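Undergrad:
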Amino acid sequence: MLKENTWTLAEEKKISDEWHKKEPYRLDRKEKIYSIDTPPPYVNAPIHMGHAVVYIYMDFFARYKRMKGFSVLFPLGLDRNGLPIELAAEKKFGIRAEQVGREKFLEMCKKILEEASNESVKTFARLGISFSSYKFGEKIGQAYETDSESYRRLSQETFIDLWEKGLVYEASKVVNYCPGCRTTIADAEVAYEERETEIYHIKFKVEQDKDIIIATTRPELLAACATILFNPEDKRYKKLAGKHAITPLYEKEVRIKAHPIAKSDFGSGILMMCSFGDLTDIRFFRDEGLKAHILIGIDGKMNKNAGFLEGMYVKQARKEIVAKLKEKGLLVKTENLQQRAPICERSKDPIEFIALEEYYLKQLEFKEKMLQVAHKIKFYDESSRQILIDWINGLSEDWPLSRRRYYATPIPIWKCKKCGEKIIGKKGKYWQPWREAPEKKCKCGGELEGETRVFDTWFDSSISPHYILGYGRDAGFFKKSFPCTLRPQG
Numbered sequence: 260m261l262k263e264n265t266w267t268l269a270e271e272k273k274i275s276d277e278w279h280k281k282e283p284y285r286l287d288r289k290e291k292i293y294s295i296d297t298p299p300p301y302v303n304a305p306i307h308m309g310h311a312v313v314y315i316y317m318d319f320f321a322r323y324k325r326m327k328g329f330s331v332l333f334p335l336g337l338d339r340n341g342l343p344i345e346l347a348a349e350k351k352f353g354i355r356a357e358q359v360g361r362e363k364f365l366e367m368c369k370k371i372l373e374e375a376s377n378e379s380v381k382t383f384a385r386l387g388i389s390f391s392s393y394k395f396g397e398k399i400g401q402a403y404e405t406d407s408e409s410y411r412r413l414s415q416e417t418f419i420d421l422w423e424k425g426l427v428y429e430a431s432k433v434v435n436y437c438p439g440c441r442t443t444i445a446d447a448e449v450a451y452e453e454r455e456t457e458i459y460h461i462k463f464k465v466e467q468d469k470d471i472i473i474a475t476t477r478p479e480l481l482a483a484c485a486t487i488l489f490n491p492e493d494k495r496y497k498k499l500a501g502k503h504a505i506t507p508l509y510e511k512e513v514r515i516k517a518h519p520i521a522k523s524d525f526g527s528g529i530l531m532m533c534s535f536g537d538l539t540d541i542r543f544f545r546d547e548g549l550k551a552h553i554l555i556g557i558d559g560k561m562n563k564n565a566g567f568l569e570g571m572y573v574k575q576a577r578k579e580i581v582a583k584l585k586e587k588g589l590l591v592k593t594e595n596l597q598q599r600a601p602i603c604e605r606s607k608d609p610i611e612f613i614a615l616e617e618y619y620l621k622q623l624e625f626k627e628k629m630l631q632v633a634h635k636i637k638f639y640d641e642s643s644r645q646i647l648i649d650w651i652n653g654l655s656e657d658w659p660l661s662r663r664r665y666y667a668t669p670i671p672i673w674k675c676k677k678c679g680e681k682i683i684g685k686k687g688k689y690w691q692p693w694r695e696a697p698e699k700k701c702k703c704g705g706e707l708e709g710e711t712r713v714f715d716t717w718f719d720s721s722i723s724p725h726y727i728l729g730y731g732r733d734a735g736f737f738k739k740s741f742p743c744t745l746r747p748q749g
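Rendered as structure tokens:
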């Protein structure tokens with residue numbers, strides 16, 4: 260029996276270092292391959308107990324398959340792109356990215372990453388996770404980081420392929436926008452929380468009729484009101500159909516019509532449709548072909564379209580307009596309301612819906628093909644298949660790929676200031692358009708402006724199976740091994 264002081268941390272480190280030096284679990288390419296596409300953890304902070312649990316499960320698979328005669332590709336990956344990294348840097352250094360400039364902010368992000376990455380790798384090593392290698396590099400089986408030049412180059416080359424196939428386009432659409440993070444966010448990054456808010460009952464004038472009362476939780480959007488609705492079955496308001504109302508304070512004439520969106524038992528039973536308070540507004544404007552009147556800018560403040568509210572943040576604007584309505588005798592009453600509202604899963608700020616120019620990847624036209632693939636994948640357990648199917652069926656928009664942030668893979672595009680033509684970078688190089696010129700020039704001879712936006716970090720994540728199997732670096736191994744055998748999710 261060992262004495263209590265026989266085992267020390269120094270002894271453990273000595274054995275661990277020797278183990279990693281010899282790489283007993285390195286990939287043997289001659290044997291039958293079993294590949295594990297590990298979801299690399301974010302290292303905006305060192306890994307925690309949750310990561311330990313998930314990776315130990317993966318390690319079970321790796322060790323079991325080795326005992327069954329497979330050569331297992333089990334790469335150590337670290338996710339070092341995206342918003343979590345930036346938020347951690349802003350918090351640690353007490354700054355906002357735009358205050359210090361792009362170059363300096365990227366250095367701050369890297370400092371955060373180096374500290375958290377080193378600590379995370381040490382923790383994985385102490386856990387004894389049997390990764391193929393703990394050495395970082397570009398060889399198949401070596402550890403990788405998603406902000407490495409080789410990984411980001413593959414992300415850009417994937418984008419270039421999609422662009423050349425006509426699957427990417429730029430358009431102005433309504434997006435999920437987080438004012439706190441100051442960027443578009445994906446549907447997958449939108450969370451919902453139950454919160455107590457207030458519903459305001461506001462007077463609207465109606466031509467040659469009595470005032471009507473409209474209940475809303477977003478009075479700051481009054482200037483964006485385009486239509487007023489009541490339920491077709493609500494006898495109280497049938498006489499209003501076809502008439503027009505005047506928005507208080509802004510004196511704008513809007514039509515009144517019957518529509519099933521309006522619920523007779525909610526508020527006063529009359530609903531104002533604004534651009535944009537929620538997803539219902541977005542769908543209604545799209546279906547009715549209405550022109551949006553955007554009131555909130557990318558800085559989270561009310562813009563000039565909001566009139567006297569210009570320059571105020573949303574919460575401040577709400578207080579201001581409520582006070583003004585009270586002063587004018589237009590606020591009938593205020594009630595408390597329990598509401599399920601969309602928030603950013605990272606910053607917890609309320610989501611706003613605003614129109615922005617973004618790059619989109621076509622996905623709606625591939626829903627049927629994706630469903631076919633979903634039925635071919637083998638799931639453990641089987642119930643997980645339905646999660647993917649439900650997600651595919653729920654897609655209602657193409658994927659917005661671009662983000663207005665910094666620490667992520669740059670979009671390899673330049674735009675001519677003179678004629679507007681877009682120049683895309685060539686494959687084989689990692690491009691940073693915000694700081695360098697392309698090899699090609701515009702036909703008109705105009706000055707090229709580099710793209711400052713970056714990819715959604717999920718775009719980088721989507722290529723991990725291609726990267727670990729050597730796509731673009733080892734065609735033979737990729738052809739032999741693609742797709743990955745296992746994709747574990749925590």
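Under this note's numbering, the first residue of the sequence shown is numbered 260, with each subsequent residue one higher. For every residue, glycine included, the Cβ atom is placed at its ideal position computed from N, Cα and C. Computed from a prediction, not measured in an experiment: that's the story for all the values here.
On the premise that D406 lies in contact with N340, defined as a C-beta separation below 8 Å, what is that separation, rounded to the nearest angstrom?
TA: The pair is a contact, with the Cβ atoms about 5 Å apart (cut-off 8 Å).
Undergrad: Is Y509 helix, strand or coil by DSSP?
TA: Reduced to three states, the DSSP call for Y509 is coil.
Undergrad: With distances taken from CA atoms, which of G501, E277, L286 is nearest V465?
TA: G501
Undergrad: Is C675 helix, strand or coil when you go by DSSP?
TA: strand
Undergrad: Is it the case that the Cβ atoms of A445 and I458 are separated by a distance below 8 Å?
TA: Not closer than 8 Å, so no.
Undergrad: Return the residue from the list K583, G536, G387 that minimises the CA-CA distance to K462.
TA: K583
Undergrad: Look at the Cβ atom of V427, then the Cβ atom of Y618, and state whether they are nearer than 8 Å.
TA: yes
Undergrad: At 4 residues or longer, and completely inside the region 261-292: list those alpha helix (DSSP H) runs for me, N to C.
TA: 268-281
Undergrad: Would you tell me roughly how many angstroms separate the C-alpha atoms of K498 and H518, rounded to the nearest one?
TA: Across the structure, K498 and H518 are spaced so that their CA atoms are roughly 14 Å apart.
Undergrad: Hey, quick one: how far does the beta strand (DSSP E) through P601 stretch, first residue to last?
TA: 590-603
Undergrad: Going by DSSP, name the residue or residues bridged to T456.
TA: L596
Undergrad: The alpha helix (DSSP H) spanning T417 covers which residue range?
TA: Taken as a continuous stretch (DSSP letters only), the alpha helix (DSSP H) holding T417 covers 408-423.
Undergrad: Spell out the partners DSSP gives S661 in its beta bridges.
TA: According to DSSP, S661 bridges with F714.
Undergrad: State the CB to CB distance for the pair S294 and L332, rounded to an integer number of angstroms; the pair is presumed to be in contact (CB under 8 Å).
TA: About 4 Å separates the two Cβ atoms, so the contact holds.
Undergrad: Going by the DSSP bridge assignment, what does F489 pair with across the sheet?
TA: A517, I529
Undergrad: Less than 8 Å between the beta carbons of I520 and F543, yes or no?
TA: yes
Undergrad: I419 and G709 look like a contact to me (Cβ under 8 Å); what is the Cβ gap, rounded to whole Å?
TA: Their Cβ separation, rounded to whole angstroms, is 16 Å, which puts I419 and G709 out of contact at 8 Å.
Undergrad: Label H674 either buried or exposed according to how many other C-beta atoms from any shown protein chain fall within 10 Å of its C-beta, with 16 as the threshold for buried.
TA: For the record, residue 674 in the displayed sequence is Lys; it is not His. By the neighbour-count rule (16 or more Cβ atoms within 10 Å), K674 is buried.
Undergrad: Could you spell out the range, first to last residue, of the alpha helix (DSSP H) harbouring N652?
TA: 643-652
Undergrad: Could you check the C-alpha separation between K681 and E362 for me, to the nearest Å?
TA: 25 Å
Undergrad: Among A321, V573, S409, which one has its Cα closest to the Cα of T668?
TA: With distances taken between CA atoms, T668 lies nearest to S409 out of A321, V573, S409.
Undergrad: In terms of residue numbering, what span does the beta strand (DSSP E) encompassing T475 cover?
TA: DSSP places T475 in the uninterrupted beta strand (DSSP E) bounded by 471-475.
Undergrad: Anyone know if the C-beta pair for A356 and H279 falls short of 8 Å?
TA: no
Undergrad: Hey, quick one: how far does the beta strand (DSSP E) through C437 stretch, first residue to last?
TA: 427-437
Undergrad: If we ignore side chains and look at the alpha-carbon of each, how far apart do Q358 and E349 end up?
TA: 10 Å
Undergrad: Is D446 helix, strand or coil by DSSP?
TA: helix
Undergrad: On the three-state DSSP scale, how would you describe E695?
TA: coil
Undergrad: Hey, quick one: how far does the alpha helix (DSSP H) through F364 stretch, first residue to last?
TA: 361-386
Undergrad: Looking only at its chain, what residues have a beta carbon closer than 6 Å to the beta carbon of Y301, apart from the 5 residues adjacent to it on each side?
TA: D338, P343
Undergrad: My guess is that R599 and E453 are in contact by the Cβ rule of under 8 Å, so how many angstroms apart are they, rounded?
TA: 6 Å
Undergrad: In the DSSP assignment, the alpha helix (DSSP H) including L499 goes from what residue to what residue?
TA: Premise fails: L499 is in no alpha helix (DSSP H) and is neither H nor E.
Undergrad: Would you list the residues sitting across from G336 in a DSSP beta bridge?
TA: Y403
Undergrad: Indicate whether the contact test is met: 3 or more Cβ pairs, each with one atom in the region 321-330 and one in the region 364-376, closer than 8 Å.
TA: no
Undergrad: Taking DSSP's pairing of strands, which residues face M561 in a bridge?
TA: I555
Undergrad: Just tell me which of K381, K424, S376, E416 has its CA closest to the CA of E404.
TA: S376
Undergrad: By a C-beta neighbour count over all protein chains shown, 10 Å radius and 16 as the cutoff for buried, is H310 buried or exposed?
TA: buried
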